[in-house]
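Structure record follows, encoded as structure tokens.
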Amino acid sequence: MNYWDEFYKTFNDTTPTLFARECVSPYSAFKISAHDRVVDLGCGTGRDTLFFISQGIQAIGVDACELAVERIKPNALHCDFGNLDTMTLPFTPTVVYARLVVHAVPLDVEYKMIRWITDILPTGGRFLSENRTVLDSLYGKGTKISDNEYVDGHYRRFLDESFLDRLREAGFMLKAMQFGNGFAVRDNENPIVLRVAAVKQ
Ligand SMILES: C[S@@+](CC[C@H](N)C(=O)[O-])C[C@H]1O[C@@H](n2cnc3c(N)ncnc32)[C@H](O)[C@@H]1O
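FYI, in this note's numbering the residues of the sequence shown are 65 to 265.
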């Protein structure tokens, strides 16, 4: 049983995240507008997918966890980016939004995700992401797999600046970044995350 299949049996928080709220704020550099079409990649409970929809934004979640997808159908589709199953989206997105997802997958899957995102987005389309970094307090905890990868309850690959290089190499221009804590607060957790808004050239 995959970690996330087990996790979502008991976790069903539908409160929109701070990142999603930031993205709908009119003055945000991460701004998602009413005319955008959003794929929430690794949507989990769909809390941000459903929030975007509630704001009048066309949005669909995609996730590898069948249970999570099932809960918010028809607003989500199943897709494991490790296997890159075929998936027919109901629209061509202008934004791919991915919160705490890139750090949840190994580097080879990150490459597959980014390739898919560059293929699906039109020129000018945006990739908005938020992820834990090597400066996060959980970095170094648990079983070490490599310098960036640790398993502490579950797998995490803490990002460093090489993530930005990979985005540039994939053809993105970095439009905005936010870095630090206070962005992804949950219970007694306040991780040091990196938010990036990247525009497909
Ligand atoms: C930390 S959770 C974040 C969920 C959601 N974005 C949020 O902020 O609540 C990471 C999510 O990535 C999904 N995920 C992990 N590996 C994946 C993969 N290979 N393909 C698609 N989704 C994946 C998990 O099922 C999980 O829902």
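Don't be surprised by glycine CBs; every beta carbon is placed ideally from N, CA and C.
Of the other Cβ atoms in all chains shown, fewer than 16 fall within 10 Å of the Cβ of Pro138; this residue is therefore exposed. Comparing C-alpha distances from Phe227 to each of Val173, His218, Ala123 and Gly110 shows the shortest one belongs to Val173. Taking the Cβ atoms as the reference, Ala262 lies roughly 14 Å from Phe243, outside the contact range of under 8 Å. With three or more CB-CB distances shorter than 8 Å, the stretch 142-154 counts as touching the stretch 119-129. Residue pairing of Thr207 in beta bridges, as defined by DSSP: Val215. Shown here, Ser89 sits in coil according to DSSP, grouped into three states, outside any helix or strand. Taking non-hydrogen atoms of ligand 1 into account, the C-beta of Ala168 is found less than 7 Å away from one of them.
DSSP, read as helix, strand or coil, puts Ser201 in coil. Phe116 and Asn195 have their C-alpha atoms roughly 20 Å apart.
Spanning the alpha carbons of Ile96 and Val103 requires a straight line of approximately 11 Å. Remark: the shortest separation between the CB of Val173 and any heavy atom of ligand 1 falls under 7 Å. Between the alpha carbons of Val165 and Gly106 lies a distance of about 6 Å. Looking at the DSSP output, Phe191 shares a beta bridge with Val160 and Ala262. For the 8 Å CB-CB criterion, Ala162 and Ser118 do not form a contact.
Boundaries of the alpha helix (DSSP H) harbouring Leu171: Leu171 to Ile184, taken from the DSSP string. Sequence-distant Cβ neighbours of Trp68 in its own chain, meaning closer than 6 Å and more than five residues away, are Cys129. Shortest gap from the CB of Leu164 to any heavy atom of ligand 1: under 7 Å. For ligand 1, no non-hydrogen atom lies closer than 7 Å to the CB of Thr78. Proximity to Gly120 across Asn76, Arg111, Val88 and Met151 peaks at Val88, based on C-alpha coordinates.
Within 7 Å of the C-beta of Thr81 there is at least one heavy atom belonging to ligand 1.
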